[in-house]
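Asker: Got a structure for you, written out below as structure tokens; questions coming shortly.
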Amino acid sequence: MRTFLRLVGFLKPHLPGVALAVLLGVATVVSNVGLLATAAYVISAAALVSFLGSLVIPIYLVRLFGVSRAGARYAERLVSHNLTFKLLADFRTWFYTSLEPLAPARLLRFSTGDLLSRIVEDVEELQNVYLRTVAPVAVASMISLLAFVLLYSFGPPLAFVALGFLLAAGIGVPLLVRALAHGLGRTQLELRGELNARVVDGIHGAQDLLAFGREEDHGREIAALNRKLGSLQGRMAFITGLKDALGDLMMNLAMLCVLVLAIPLVSGGEVRGVYLAFLALVVLGSFEAVQPLGTAFQYLGRSMCAGERLFEIVDAEPEIVDPAEPRPLPGDYKLEFDRVGFRYETGGRHVLQDISFSLEPGRRVAVVGPTGAGKSTLTGLILRFWDPTSGGILLGGHDLCGYVQDDVRSLIGVVSQDTHVFNDTLRANLLLARPEATDEDLRRVLALAQLTDLVERLPGGLQSPLGEQGLKLSGGERQRLSIARTLLKDAPLLVLDEPTANLDPVTERELLDTVYGSMQDRATLVITHRLVRMEEMDEILVLHEGKIVERGTHRELEGKQGTYRRMLDVQREFLLAV
Amino acid sequence: MKVLRYAFLSGFVLEFMTAAAIALVAVTLGVRVISGNMPFEEAFLVLLLAPEFYKPLRELGVHRHAGMEGSAAADRIFEILSTPVPLRRGSGDQGNVSDGLTIEFLGAGYTYPGSDRAAIPDLTLSLPAGTRTALVGRSGSGKSTLVNLLMRFVDPESGIVLANGVRITELPAKTWRENVALVPQRPHLFHGSVLENISLARPEASREEVEKAAELAGAAEFIGHLPDGYGTEIGERGARLSGGEAQRMAIARAFLKDAPVLVMDEPTSSLDPESERLVSEAVERLTRGRTVLVIAHRLGTVYGADRIAVLDDGKLAETGTHGELIRRHGLYASLVNAYGRVPA
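The listed protein sequences derive, respectively, from chains A and B. Sequential numbering of the first sequence, starting at 521, is according to the working numbering. Sequential numbering of the second sequence, starting at 1187, is according to the working numbering.
In structure tokens:
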């Protein structure tokens, strides 16, 4: 219920629109009721009165309702869909702004698996709260009320009977259907997921299946799943059919009962005979409003689930909060790791354990080790995406936690393995690092990153669009762009996180020349699994399963028969890097 | 929004026609009743039926959209289904392979559909029974195409491929593949248990045989450490295996299949040192006594090969042992030097 109220709360700024859409929805149904009922009145009156003059007004009304129904429906659709789009935009903005303080530590967790796409779907799902739940329920209630009032004026029993059937059709039938379909929806989703997974599995593994002659077995498994899904869908269709049939049954029974009750009233002279057919059709027409309620309940369930999942994410505490009284940045940029340990969740696996080293201007430290050794977590800790679980990270002798996050980040330049190129101009892509930089600055860093050729090749120079809608950069160029950004930022601390991953050896060598040329008097941390130009490092830390297993210079480590030496041997084993 | 506006407009027209028709019918009926041409009962019946006439038409509007989407989907599906299968269907029999299989590519050529350049224009290469041939070349030099031809994922457009003198295209593809085990660069692990994943190679194999194969592949130890041993669920939604572990699963499959021909595509990126050692030991055991074709990326592999075939642009540039090729200072020597290393 709380979730529902919170979701409905999003409608508040759009109340006039909601009211208009609901009114138009009511008008649509009223027009239909009016059209049918006055038409019935016209015929009845014609049969009884046989005087055309008295029918002029009802005939006009019939025509009016005929036109107003179509007009109201059209306007209602336009207004409500417009509203839906606005709501969706609101949902998105709300969700992404609430998410920002949580990022990226929490987001990183979502990027594994399909969670991210589920979030996107959940946000989309929320539009149904209004479109399929709030609006239909409001329209149905108002129509039921109007029908009740109208019938009450002819005879209270008529009104109560009609209301009873309206409630049965609008609430009773959906509840019954829900009880019948209980669990079927979930089973269907699961089966469908399983089937999709199998099909994708078969496509990804086609080579292996063919090589082992198992393609027919796989086909049979998929066919069996398909049959199961088919029979389940058959049952769902049966329930849907039942729902429609019961809805119609309620409607017709309601009309029948009203007639049965009204006929004695007519014979008794309490109601004029002219109105008999009119009353029957009022009842018939008003059922149009309660028909969509069956699906409203289904959508409500789904939207609530989506809402709950999103609220759960948004309501979480941010991983890192800035201190109440932050410390100004220190004068010296010495960064020290003091017995740092880290795990992503309490009780979880130790990602890092007992890591100590120090980094000061002019000093170069390399962290090497196989994939999964915890190297990239180091970058996350330095940038304060997370805080260490034990030990501490000191900047200028004081704990990182005492500084404002943005201040710390302003001191650090990062070149990482996957650089995001934004869908914008080359200039904008560079200015990210320092918005106030002049074109002269840009040209200088582009030259340092050896991108001058690229700029000259581009038709619009710095104004050329990059990314999706512009020029696609090669892997090497993207990394150079990242280097140019970092140089522009001119930060005293440099973190190079696998800057040459996925590059061919020739490009790698050129790139390292550029990067190492720019390190000079900065404090530099190089994180890599490629043991290239390790001779230039002041200290190398060998990380294995979160612990430092060896440390020293290249020359020292090469001489030892340890992990470093083994990594070096494996690398030398390669015929040619592809 | 624009699209929706049109959809709404067509809904509007339909709705309007229906309402207008009912109104017209009602008025006409009223006039006829009043002039005594029609009894009230009949008129009322027609009035009740009028909206029903339009119900199917209204529903047509709703379903037409779904129908259009369906036919668009069908178009895409048929586009795939109507792609001609490039394989010839043979019906012959392989004959005796107990003494090993010798494979010969004689002037084999293949061009991928939609490409105007042959991936392999005209290749002649022999893989004698029980020998190891390492395939070396830059990316795009035709190594994978050669493997595809051997696996019969594609059939040559010109020339022939012989196995013990029999054209492999004469055999049903499935029969031929029974003779070949494939260890791909990135083996696919299917959703299922470790046991199921290994016995993919031979579903009727006993548990002991699977464990033996895992043992030989150097996979038994890590499988023992998995939470559920051989019953552990792996694949997309199960436990993730590292690159080296997946590699050894594929090698275990090949051991279980025990085919006379082995085709391997070595991983291009390095595994952790321990995995590298285990994989290379397992491969050493696996290749013994078989006809082997391996796309090589490691020096150890080319050292251990009986012969190295260097491909360049789909053509066989040179063949020989490592020592011979280094002395020749050809393409092979330059490829090995690309990494800035003094070769042995």
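From the three backbone atoms N, C-alpha and C, an ideal C-beta is built for every residue, glycine too.
So, does the CB of B/Ala1438 fall closer than 7 Å to a CB anywhere in chain A?
Answerer: no
Asker: Using a Cβ-Cβ cutoff of less than 8 Å, which residues in the same chain neighbour B/Gly1516 once the five nearest sequence positions on both sides are dropped?
Answerer: Val1496, Ala1503 and Glu1504
Asker: What whole-angstrom Cβ distance do A/Glu1065 and A/Gly1082 have, given they're in contact under 8 Å?
Answerer: Wrong, their Cβ atoms sit about 14 Å apart, outside the cutoff.
Asker: Label A/Leu1008 either buried or exposed according to how many other C-beta atoms from any shown protein chain fall within 10 Å of its C-beta, with 16 as the threshold for buried.
Answerer: buried
Asker: Just to confirm before moving on: does the CB-CB distance between B/Ala1403 and B/Ile1437 stay below 7 Å?
Answerer: yes
Asker: Give me the Cβ distance between A/Leu531 and A/Val599, rounded to the nearest whole Å; I'm assuming they're in contact under 8 Å.
Answerer: That pair is no contact at about 14 Å.
Asker: What's the gap between the Cα of A/Asn716 and the Cα of A/Asp737?
Answerer: Each residue's Cα considered, the two are about 17 Å apart.
Asker: Can you check the segment 660-718 of chain A for any beta strand (DSSP E) of at least 3 residues that lies completely inside it and give the ranges in chain order?
Answerer: none
Asker: Does the separation of the CB atoms of B/Thr1166 and B/Leu1311 fall below 7 Å?
Answerer: For residue 1166 of chain B there is no data in the structure shown, the boundaries of chain B being 1187 and 1530.
Asker: Which of helix, strand or coil does DSSP assign to A/Ile840?
Answerer: It is coil, neither helix nor strand.
Asker: If we cut at 7 Å on Cβ distances, does A/Phe1094 have a partner in chain B?
Answerer: yes
Asker: From A/Ala1097 to B/Thr1473, what does the alpha carbon distance come to, in whole angstroms?
Answerer: Only weak support is given to the placement of A/Ala1097: the predicted model assigns it a pLDDT of 43, under 50, and the value that follows is read from those uncertain coordinates. Between A/Ala1097 and B/Thr1473, the C-alpha separation is close to 24 Å.
Asker: Would you identify the three-state DSSP class for B/Ala1315, choosing helix, strand or coil?
Answerer: coil
Asker: Return the residue from the list A/Ala844, A/Pro848, A/Gly917 and A/Gly868 that minimises the CA-CA distance to A/Asp858.
Answerer: A/Gly917
Asker: Is A/Leu1061 near the ligand MG, judged by its Cβ being under 6 Å from some heavy atom?
Answerer: The ligand MG is not part of the structure shown, which contains no ligands of any sort.
Asker: In the DSSP output, which residue or residues are listed as bridge partners for B/Ser1379?
Answerer: B/Glu1419
Asker: Between the alpha carbons of A/Cys825 and A/Pro533, how many angstroms are there, rounded?
Answerer: 23 Å
Asker: Which residues, in chain order, does the segment 948-976 of chain A contribute to contact with chain B at a C-beta distance below 7 Å?
Answerer: none
Asker: Identify which residue in A/Gly554, A/Ser910, A/Gln727 and A/Glu997 has its Cα closest to the Cα of A/Glu1028.
Answerer: A/Glu997
Asker: Identify the continuous alpha helix (DSSP H) that holds A/Gln1091 and give its terminal residues.
Answerer: Thr1083 to Arg1092
Asker: Could you tell me the alpha carbon to alpha carbon distance between A/Ile1047 and A/Leu1014, rounded to whole angstroms?
Answerer: Near 11 Å, if we compare the C-alpha coordinates of A/Leu1014 and A/Ile1047.
Asker: Taking only beta-carbon atoms, is A/Val1098 less than 7 Å away from chain B?
Answerer: In this prediction, A/Val1098 scores a pLDDT of 37, lower than 50, which makes its location untrustworthy; the coordinate-derived value is nonetheless stated afterwards. Chain B contact via Cβ: present.
Asker: For A/His724, which residues in chain B fall below 7 Å Cβ to Cβ?
Answerer: His1374
Asker: Does B/Tyr1296 come out as helix, strand or coil in the three-state DSSP assignment?
Answerer: In the structure shown, B/Tyr1296 falls within a strand segment according to DSSP collapsed to helix, strand and coil.
Asker: Would you kindly work out how many angstroms separate the C-alpha atoms of B/Lys1329 and B/Ile1481, rounded to a whole number?
Answerer: 7 Å
Asker: Please tell me whether B/Pro1459 has its Cβ less than 7 Å away from any Cβ of chain A.
Answerer: yes
Asker: Tell me where the alpha helix (DSSP H) around A/Ala774 begins and ends.
Answerer: Glu735 to Ser787
Asker: Do you know whose CA, among A/Tyr650, A/Ala547 and A/Ala744, lies nearest A/Leu525's CA?
Answerer: A/Tyr650
Asker: Please name the residue, chosen from A/Gly805, A/Val834 and A/Tyr923, that lies closest to A/Ala547 on a Cα-to-Cα basis.
Answerer: A/Gly805
Asker: State yes or no: is the C-beta of A/Leu671 within less than 7 Å of the C-beta of A/Ala660?
Answerer: no
Asker: Name the residues in the segment 1212-1233 of chain B whose C-beta lies less than 7 Å from a C-beta of chain A; which are they?
Answerer: Per Cβ criterion, the list reads Ala1212, Val1213, Leu1215, Gly1216, Val1219, Ile1220, Phe1226, Ala1229, Phe1230 and Leu1233.
Asker: Can we say the segment 1427-1442 of chain B touches the segment 1385-1400 of chain B, given the rule of at least three CB pairs closer than 8 Å?
Answerer: yes
Asker: Between A/Asp728 and chain B, is the shortest Cβ-Cβ distance under 7 Å, so that the two count as touching?
Answerer: yes
Asker: Residues of the segment 1190-1211 of chain B with a CB closer than 9 Å to any CB of chain A: list them in chain order, please.
Answerer: Leu1190, Arg1191, Ala1193, Phe1194, Leu1195, Gly1197, Phe1198, Val1199, Leu1200, Glu1201, Phe1202, Met1203, Thr1204, Ala1205, Ala1206, Ala1207, Ile1208, Ala1209, Leu1210 and Val1211
Asker: Could you tell me which of A/Lys606, A/Thr899 and A/Gly690 sits nearest to A/Glu1018, measuring between CA atoms?
Answerer: A/Thr899
Asker: Go ahead and pull the three-state DSSP assignment for A/Gly911.
Answerer: strand
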